[in-house]
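Those protein sequences? They're chains E and H, same order as listed.
Quick note on the numbering used here: the first sequence kicks off at 1 and runs consecutively.
Quick note on the numbering used here: the second sequence kicks off at 1001 and runs consecutively.
There are 2 protein chains.
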Amino acid sequence: MPGGLRRSKLLPEPTVARLPIYQRLAEELARRGRDTISSEDLGRLAGVSAATVRRDLSSIGRLGTRGSGYDTADVARRVTELLGGHAEHPTVIAGIGNLARALINSPLFNGFPSKVVALYDVDPTIVGTSVSGLEVRRLSEEDVTRFEVPPAIGVLTCPASAAQDVADGFCELGIRALMSFSPRVLEVPLDVTVRYVDVTIELQILSYHLEHGRGPLNGGLLHTLGRSPLQVGARP
Amino acid sequence: MPGGLRRSKLLPEPTVARLPIYQRLAEELARRGRDTISSEDLGRLAGVSAATVRRDLSSIGRLGTRGSGYDTADVARRVTELLGGHAEHPTVIAGIGNLARALINSPLFNGFPSKVVALYDVDPTIVGTSVSGLEVRRLSEEDVTRFEVPPAIGVLTCPASAAQDVADGFCELGIRALMSFSPRVLEVPLDVTVRYVDVTIELQILSYHLEHGRGPLNGGLLHTLGRSPLQVGARP
DNA sequence: ACATGTGAAAGAGTTCACAGCC
DNA sequence: GGCTGTGAACTCTTTCACATGT
């Protein structure tokens, strides 16, 4: 087993959600030739407090230098490594509608953390067709041994009514990470991680805030970004 | 001013994120003829603890009956009301690519909490064309007075590089609720709510858990659903 | 009996504030 | 002087446990 500190102390979930933001910013800064950045500046860019940045980054090791700040390239590298390096996890998608097609063609889904390797549907007019070079198959007829590397991530873009069955099928294939766009809570074994991307709920939350005003919270979003009251004022 | 308890005591954000789930479940149960449900059963369906269900529901009023549980139709109605009733907030979308097209055609975006009323892009080959019956315009040339009812929700499906400009443009139109699919933290005035839907971050979070295992957390998802360790075991 | 509503306790995460190092 | 790393305080949520009501 290579690497060093695998299974260190398990980071707090909100920290895990913020790390990709730091990584993205640090990478961009490094690319632009900026070598170091203070927790205060990085916090401003990420929309969180300087204290949170320091706590987050110190939780994955000592990577700052007192007096000058964090090395941008270093932060980008260390965080990337912690988040699974440059692995391209084999990813499968079930429910090949417009959303799935949009995702498949997005560079976000084909490169860094994931790479689409199989597509599933049940509609006979879709099964057998080819989308972006991949044949659409039936999940129920899939055979895990067909894969060189077994799929690691399963994406659900199917109707809510089919979501639980698809989730079951994914779990049976040995997939332990799911991302669901279906408006439904899934039951999965304890070792499976599920991330929900539920546009309906997001809209309802926005609707609530339109009606009742905003709490003193930050964007309060998607990724549990933070509760900080730090929300920059309108731009000049 | 109609209604009753506007601006009651501002609910905790995690509660706001869970209410749509209860609403959805309660509605479904009522439709199927189930009149009441206990906090324990509702919690199981929603993936949270019974105590959390009770705390959440009691925070919006007294809607349970001791001894028998919650009236499903009642829960559905009260929560819907709190989340903005059946209002269809006029919604605009900037960045008309595959994702936007998928959203526009989705029933989720055209009906209950939102209704798409305008589309924007900057690509000259797209501006002027019609998508699902709406002409694509330039945000920079938009005139608020054109709208009968001013837009309330702005959706960003544009490249990250354009996101901040679009957000500024939206804010200038008077929009106070944004939903961004662009991988970038936005600066907005304090009275504007932003919800991020960042697929890249979600994938990186999954990647992290594939590498380091799951904490004892729930799906831990998107909408700050909950931190409960209540994750049902594999289905039979 | 049974199940809600809610004080009180526990747990999680964030912010403060400063010692320690560059 | 400037900025990180971190114990301690604080705030926000969840869970416990039981009084209360049907």
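A virtual CB, placed ideally from N, CA and C, is assigned to each residue, including glycine.
Which chain E residues are close to residue 1027/H, counting only those with a beta carbon under 7 Å from its beta carbon?
Residue 1027/H sits at position 27 when you count from the first residue of the second sequence. For residue 1027/H, there are no C-beta contacts with chain E under 7 Å, since the nearest C-beta of that chain is about 12 Å from it.
Can you tell me whether residue 1223/H is buried or exposed, with buried defined as 16 or more other CB within 10 angstroms of its CB?
The residue you call residue 1223/H lines up with position 223 of the second sequence. Interpretation of residue 1223/H is limited by its pLDDT of 34, a score under 50 that renders its predicted location unreliable; the figure taken from the coordinates is listed afterwards. Around the beta carbon of residue 1223/H, 16 or more other beta carbons sit within 10 angstroms, so the residue counts as buried.
From the beta carbon of residue 1096/H, is the nearest beta carbon of chain E less than 9 Å away?
The count along the second sequence starts at 1 and reaches residue 1096/H at position 96. No - not a single Cβ of chain E is within 9 Å of the one on residue 1096/H.
DSSP state of residue 1146/H mapped onto helix, strand, coil
If you number the second sequence from 1, residue 1146/H lands on position 146. Reduced to three states, the DSSP call for residue 1146/H is helix.
So, is the C-beta of residue 1205/H closer than 9 Å to a C-beta in chain E?
By 1-based counting over the second sequence, the position of residue 1205/H is 205. Contacts with chain E at 9 Å (Cβ-Cβ) include residue 1205/H.
Taking 8 Å as the cut-off, does the stretch 1189-1200 of chain H touch the stretch 1169-1181 of chain H (at least 3 CB pairs, one atom from each stretch)?
Taking 8 Å as the limit for Cβ pairs, the verdict is that the stretch 1189-1200 of chain H does touch the stretch 1169-1181 of chain H.
Residues bridged to residue 1152/H [DSSP beta-bridge criterion]:
Position 152 of the second sequence, counted from the first residue, corresponds to residue 1152/H. DSSP lists no bridge partner for residue 1152/H.
Rounded to the nearest angstrom, what separates residue 1078/H and residue 59/E at their Cα positions?
Taking the first residue of the second sequence as 1, we reach residue 1078/H at position 78. Taking the first residue of the first sequence as 1, we reach residue 59/E at position 59. Answer to the nearest angstrom: the Cα atoms are 43 Å apart.
Listing by chain order, which chain E residues have their CB less than 8 Å from the CB of residue 1021/H?
The residue you call residue 1021/H lines up with position 21 of the second sequence. Simply 185, 201.
Which ranges does the beta strand (DSSP E) cover as unbroken runs of at least 3 residues, wholly within the stretch 1072-1142 of chain H, from first to last along the chain?
Within the stretch 1072-1142 of chain H, complete beta strand (DSSP E) segments of at least 3 residues are found at 1089-1094, 1114-1120, 1134-1137, given in chain order.
4 or more residues per run - each alpha helix (DSSP H) lying fully within the stretch 1021-1073 of chain H:
Within the stretch 1021-1073 of chain H, the complete alpha helix (DSSP H) runs of at least 4 residues are 1039-1046, 1050-1058.
Within this structure, are the beta carbons of residue 1094/H and residue 1170/H separated by less than 9 Å?
The residue given as residue 1094/H occupies position 94 in the second sequence. The residue given as residue 1170/H occupies position 170 in the second sequence. By the CB criterion at 9 Å, residue 1094/H and residue 1170/H fall inside the cutoff.
Chain E within 9 Å of residue 1192/H, Cβ atoms only:
Looking up residue 1192/H in the second sequence gives position 192. Using beta-carbon distances, residue 1192/H counts as an interface residue toward chain E, with a partner under 9 Å.
Around the Cβ of residue 1048/H, are there at least 16 other Cβ atoms within 10 angstroms (buried) or fewer (exposed)?
Here residue 1048/H refers to the residue found at position 48 when the second sequence is read from its first residue. Around the CB of residue 1048/H, 16 or more other CB atoms lie within 10 Å, so the residue is classed as buried.
Please report the residue range of the beta strand (DSSP E) in which residue 1207/H lies.
Position 207 of the second sequence, counting from 1, holds the residue named residue 1207/H. According to the DSSP assignment, residue 1207/H belongs to no beta strand (DSSP E) but to the alpha helix (DSSP H) extending over 1199-1212.
Rounding to the nearest angstrom, what Cα-Cα distance links residue 1167/H and residue 1186/H in this structure?
Within the second sequence, the letter at position 167 stands for residue 1167/H. Within the second sequence, the letter at position 186 stands for residue 1186/H. Using only the alpha carbons, I get a separation of about 7 Å.
Indicate whether residue 10/E and residue 1213/H have their beta-carbon atoms separated by less than 9 Å.
Here residue 10/E refers to the residue found at position 10 when the first sequence is read from its first residue. Here residue 1213/H refers to the residue found at position 213 when the second sequence is read from its first residue. A contact, by the Cβ cut-off of 9 Å.
Three-state class that DSSP yields for residue 178/E in the structure shown:
Position 178 of the first sequence, counted from the start, is the residue given in the question as residue 178/E. Here residue 178/E sits in strand by DSSP.
Enclosing beta strand (DSSP E) for residue 1194/H [first to last residue]
Numbered from 1 along the second sequence, position 194 holds the residue referred to as residue 1194/H. Counted as a single uninterrupted DSSP element, the beta strand (DSSP E) harbouring residue 1194/H occupies residues 1193-1196.
Is there at least one Cβ from chain E nearer than 9 Å to residue 1024/H's Cβ?
In the second sequence, counting from the first residue as 1, residue 1024/H sits at position 24. Cβ-Cβ to chain E under 9 Å: yes for residue 1024/H.
Does the beta-carbon of residue 52/E have 16 or more other beta-carbons within 10 angstroms, so that it is buried, or is it exposed?
In the first sequence, residue 52/E corresponds to position 52, counting from 1. That one is buried.
Does chain E have any CB closer than 9 Å to the CB of residue 1144/H?
Taking the second sequence and counting its residues from 1, one reaches residue 1144/H at position 144. No, no contact with chain E.
If you measure from the beta carbon of residue 117/E to each beta carbon in chain H, is any gap under 9 Å?
For the purposes of this step, residue 117/E is identified with residue 117 of the first sequence, where counting begins at 1. No, residue 117/E lies away from the interface with chain H (no Cβ there is under 9 Å from its Cβ).
With a threshold of 9 Å between beta carbons, is residue 1150/H in contact with chain E?
As a working mapping, residue 1150/H is identified with position 150 in the second sequence. Proximity of residue 1150/H to chain E, defined by a Cβ-Cβ separation below 9 Å, is not satisfied.
Along the chain, where does the alpha helix (DSSP H) containing residue 172/E start, and where does it finish?
For the purposes of this step, residue 172/E is taken as residue 172 along the first sequence, with counting starting at 1. Residues 160-172.
So with Cβ pairs under 9 Å, would you call residue 82/E a contact of chain H?
In the first sequence, counting from the first residue as 1, residue 82/E sits at position 82. By this cut-off, residue 82/E is an interface position.
Near residue 1034/H, which residues of its chain fall below 8 Å by C-beta distance, leaving aside the five closest residues on each side in sequence?
For the purposes of this step, residue 1034/H is taken as the residue at position 34 of the second sequence. Here the set comprises 1072.
DSSP state of residue 188/E mapped onto helix, strand, coil
Looking up residue 188/E in the first sequence gives position 188. When DSSP states are grouped into helix, strand and coil, residue 188/E belongs to the coil group.
For residue 10/E, which of helix, strand or coil comes out of DSSP?
Residue numbering aside, residue 10/E sits at position 10 when the first sequence is read from its first letter. Note: residue 10/E maps to coil in three-state DSSP.
Count the other CB atoms, across all protein chains shown, that sit within 10 Å of the CB of residue 184/E; report buried if there are 16 or more and exposed otherwise.
Here residue 184/E is taken as the residue at index 184 of the first sequence, counted from 1. When all chains shown are included, residue 184/E counts as buried.
Where residue 1015/H falls: helix, strand or coil (DSSP)
The residue given as residue 1015/H occupies position 15 in the second sequence. DSSP, read as helix, strand or coil, puts residue 1015/H in helix.
Using a beta-carbon distance below 9 Å, is residue 1034/H in contact with chain E?
Reading the second sequence from its first residue, position 34 is the one you call residue 1034/H. So, not an interface residue.
As a quick exercise: from 1128/H, 1031/H, 1108/H, 1120/H, pick the residue whose alpha carbon is nearest that of residue 1142/H.
Taking the second sequence and counting its residues from 1, the one referred to as residue 1142/H is at position 142. Closest by alpha carbon: 1120/H.
Cβ shell of residue 1097/H (< 7 Å), same chain only, five flanking positions each side left out:
Stepping through the second sequence from its first residue, residue 1097/H is reached at position 97. 1157, listed in sequence order.
Measure the alpha-carbon distance for residue 1274/H versus residue 1036/H and round it to whole angstroms.
Since the displayed chain H opens at 1001 and closes at 1236, residue 1274/H lies outside it and no answer follows.
Return the residue from the list 1130/H, 1039/H, 1086/H that minimises the CA-CA distance to residue 1068/H.
Locating residue 1068/H in the second sequence gives position 68, where the first residue counts as 1. Cα-wise, what sits closest to residue 1068/H is 1039/H.
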